[in-house]
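Below is one structure; the comments refer to it alone.
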Amino acid sequence: MSKQSATFKRGLNQQIITNLLKEALFVNHLQNDIKNGNVFIAIRNNTVDFYYQGNNLFKYVKGNFQTHYKFATALNLDTESSYVTQNDLQNASLVTDFNTGYDIIKANCKQYAKQEAGGVAELYKKFCYAHSQDSIILLDIEASFAASGSNTSDRLDLVFYHLPSRIIFFVEAKHYSNQAIRASLNKVPKVISQINNYESTLNLKQNEVVTAYSSYVIAINQLLNLSLPLPVGIKTRVPLLIFGFDSDQKEGRLKNQVTQNSEYIKNKILIKAVGSEKNVKPNELWKLIP
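Heads up, the sequence shown is in our numbering, so the first residue is 235 and it goes up one at a time.
What follows is the structure, given as structure tokens:
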């Protein structure tokens, strides 16, 4: 018997919103970084994720902020080396206050930034709903459709919101170096099955997803004093965005292994390839979807 995906939920109850608006860490640091595009705030089901440089900087769960222990270690070093000596460890300490230790936690978080997640971070700097004036805004990242009874999930990288039509659409983003976009002869690239699964899930959950993101918008409107309209629908096709390559790679391996690959054509995968994440234009992704 196949596993059924869990109910997709987004939103915050009023008490969580009220409490978060009073938190010193949110008021003194996170709020400004959200508005200037450095930090992306993503609403989950009565929890909140704060992303920086593609990593989860903080979570807000049950009235408390959390961060990964590796971000909360303070090392007073005289060098920028990634390595430490035994003597260096004598100066190590844990951040004991998120508010006063905010800059240390951010600096540590940045050290763990990965290529693909870093590319996504560039997108929320430009298109995040908290500050963008464009007609298409980035509403959410890492949208997970977890399977009930399973530890795996469909996790869509980018959730855009087309404001004129009030339609939400989803994008899978892959760096050129990600092996999931290519496969050996007579094999199907992993990303194709991922996208097919995403599209099947979205087809089944259209009303559920609209309801969830309506609650999401209500929450961010209150937290950030916005006036975004509620969504009325979603697109169920999911384009593949590939970034991080030069012109030689585009005409070589990218063309041979991806854009002209028969498996992508057979599965009718929508592909948008850009050299740099800085060249991503949400309107081009929107126009790609039927």
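All residues carry an ideal CB built from backbone N, CA and C; glycine is no exception.
Relative to the alpha-carbon of residue i, which residue among the options has its alpha-carbon at the smallest distance?
i	options	result
ILE401	VAL444, PHE299, ILE499, ASN437	VAL444
SER369	SER399, GLN345, GLN349, LYS344	SER399
ARG416	GLN456, ASN495, LYS360, GLU406	ASN495
HIS365	SER461, GLN248, GLY478, ASN270	ASN270
LEU291	ASP283, ASN430, ASN298	ASP283
SER434	ILE275, VAL354, LEU390, ASN333	LEU390
TYR294	SER427, ASN280, ALA306, ILE468	ASN280
ILE503	SER510, GLY509, LEU522	LEU522
GLU511	LEU464, ILE250, HIS409, GLN265	HIS409
PHE477	ASN501, ASN513, LEU328, HIS263	ASN513
ALA347	SER427, GLN287, LYS424	GLN287
GLN248	PRO463, ASN342, LEU457, ARG487	LEU457
LYS469	ASN441, VAL451, ARG487	ASN441
GLN413	VAL492, LYS500, LEU460, GLY509	VAL492
GLN349	PHE479, LYS500, ILE429	PHE479
SER461	GLY509, GLY467, LEU436, LEU397	LEU397
LYS500	SER427, ALA351, SER411	SER427
Which term fits residue i, buried or exposed, when burial requires 16 or more other beta carbons within 10 angstroms of its beta carbon?
i	result
PRO516	buried
ASN385	Because ASN385 sits at a pLDDT of 49, beneath the cut-off of 50, its placement in the model cannot be relied upon, and the following sentence gives the value as read from the coordinates. Classification for ASN385: exposed.
LYS340	buried
VAL261	exposed
LEU246	buried
TYR498	buried
VAL472	buried
THR330	exposed
ALA541	No answer is possible for residue 541: it lies beyond the span of the chain, which begins at 235 and ends at 524.
ALA453	buried
ALA326	exposed
PRO423	buried
LEU328	exposed
Once you ignore the five residues that flank residue i on each side, which residues in its own chain have a CB closer than 6 Å to its CB?
i	result
LEU373	TYR363, VAL393, TYR395
ASP482	Confidence in ASP482 is poor, its pLDDT being 49 and thus under 50, which makes the residue's placement too unreliable to answer from.
LYS360	none
VAL508	PHE477, VAL514
Kindly identify the DSSP beta-bridge partner or partners of residue i.
i	result
TYR498	Paired residue(s): none; TYR498 is not in a bridge.
GLU518	The partner list for GLU518 (beta bridge, DSSP) is empty, contrary to what the question assumes.
TYR395	ILE371, ILE402
ALA507	ILE476
ALA281	Per the sequence presented here, residue 281 reads as Thr, with Ala not at that position. VAL295, per the DSSP bridge assignment.
ILE275	PHE284
ILE468	ILE402
According to DSSP, is residue i part of a helix, a strand, or is it coil?
i	result
PHE477	strand
ASN437	helix
ILE250	helix
PHE305	helix
GLU356	helix
PHE242	coil
LYS256	coil
HIS409	strand
ASN290	strand
ASN298	strand
ILE458	Inspection of the sequence shows that residue 458 is occupied by Leu rather than by Ile. Correct three-state label for LEU458: helix.
ASN513	helix
SER327	strand
SER382	Because the pLDDT at SER382 is just 45, under 50, the model does not fix this residue reliably, and the value given afterwards should be weighed accordingly. Three-state DSSP puts SER382 in coil, outside helix and strand.
ASP482	Because the pLDDT of ASP482 is 49, which lies under 50, any placement of that residue in the model is unreliable, and the number read from its coordinates should be weighed accordingly. Note: ASP482 maps to helix in three-state DSSP.
ILE338	helix
LEU264	helix
ALA414	helix
VAL443	helix
ALA453	helix
ALA351	helix
Please list, in chain order, all residues of the same chain as residue i whose beta carbon is under 7 Å from its beta carbon, the five residues on each side excluded.
i	result
LYS256	none
GLU518	LYS506
LEU264	VAL273, PHE284
PRO524	ARG471
VAL405	ASP391, LEU392, PHE394, VAL472, PRO473, LEU475, LEU519
CYS343	TYR286, GLN287, ASN289, LEU291, PHE305
ILE251	ALA453, GLN456, LEU457
GLU356	GLU511, LYS512
Keeping to the same chain, check which residues put their C-beta closer than 8 Å to that of residue i; ignore five residues upstream and five downstream.
i	result
ILE375	PHE274, ALA276, TYR285, VAL354, TYR358, ASP391, LEU392, VAL393
ALA446	PHE242, LYS243, ARG244, GLY245
LEU259	PHE292, PHE299, PHE332, ASN333, TYR336
PRO465	TYR395, ARG400, ILE401, ILE402, VAL444, TYR447, SER448, VAL451
TYR432	PHE379, ASP388, LEU390, PHE404, GLU406, VAL472
Using a Cβ-based criterion (distance less than 6 Å to any ligand heavy atom), does residue i qualify as near the ligand GTP?
i	result
LEU373	Looking at this structure, you won't find the ligand GTP or any other ligand, since it has none at all.
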